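Residue numbers (the UniProt record's numbering): 1 to 265.
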């Protein structure tokens with residue numbers, strides 16, 4: 001039996017075709033993988049955008065305490081810069097002193113040295129005001145420095161004009177025992193105070209009584225009782241209508257003149 005051996009040309013071509021297909025498949029796979037990597041890896045712009053978003057989110061999470069701390073640091077830096085501009089030798093001491101002064105001024109307890117400003121000044125008698133019969137015990141000057149009030153042991157209060165150099169009005173003193181009928185004091189007046197807006201004038205006497213007056217008309221507005229001793233001191237809290245009274249009974253009392261009432265002892 002005879003047979004023929006043929007060359008395997010077709011098979012080789014087929015193998016080559018398969019190889020080519022494998023190459024194409026691999027190249028397609030590589031392209032897909034590279035494309036997938038491009039989708040997964042974020043760009044620099046996206047990354048920077050995420051950082052900006054996180055920063056804004058963290059700033060929104062700032063607590064109230066952190067905000068106060070930040071504002072305090074900013075305020076201290078501002079003061080430090082201002083003091084540095086003044087060429088002070090010790091900036092830290094200057095800042096501490098300024099903070100202390102501001103706190104005292106806010107409480108109305110700041111004391112400033114002024115005597116050195118008048119070293120070279122010469123005092124002259126401006127005018128002599130006469131009107132009281134006994135010793136003058138206290139004075140109160142208006143904010144405008146155009147009017148002042150004087151009180152005396154003769155139980156009277158006099159309103160004076162500094163510009164016109166004359167007496168404007170007098171509240172005469174009364175006799176002892178006439179407290180219920182007399183519009184004024186019947187004992188030595190020991191203290192007097194005028195509010196910073198010149199709206200209220202208060203006077204206190206040995207009879208443990210405080211009278212509240214209208215400085216413009218000298219009309220009696222209110223009479224306060226409460227102390228067990230003579231009224232020895234009166235003062236308004238700065239910028240308010242709250243009055244502090246001191247007495248021989250060793251107590252201090254706080255009053256509100258807006259409501260014409262007592263607050264506490």
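The beta carbon of each residue, even a glycine, is placed where N, CA and C say it ideally should be.
On a predicted model such as this, the values are computed, not experimentally measured, just so you know.
- Sequence-distant Cβ neighbours of residue 142 in its own chain, meaning closer than 6 Å and more than five residues away, are 198.
- If you keep only unbroken alpha helix (DSSP H) runs of at least 4 residues inside the stretch 78 to 161, you get 91 to 107.
- Out of 237, 79 and 68, the CA that lies nearest to the CA of residue 193 is found in 237.
- In this structure, DSSP gives residue 163 a state outside helix and strand, which the three-state scheme calls coil.
- Taking residue 251 as reference, the option from 234, 112, 242 and 241 with the minimal CA-CA separation is 234.
- For residue 72, the three-state secondary structure derived from DSSP is helix.
- In the DSSP annotation of this structure, residue 265 is not part of any beta strand (DSSP E), being labelled neither H nor E.
- Contact between the stretch 181 to 193 and the stretch 201 to 220 is established, with three or more Cβ pairs separated by less than 8 Å.
- Residue 95 is not a Cβ neighbour of residue 151, given a cutoff of 7 Å.
- Cβ atoms of residue 146 and residue 161 come within 8 Å of each other, at about 7 Å.
- The three-state secondary structure of residue 206, taken from DSSP, is coil.
- In this structure residue 245 is buried. Its beta-carbon is surrounded by 16 or more other beta-carbon atoms within 10 angstroms.
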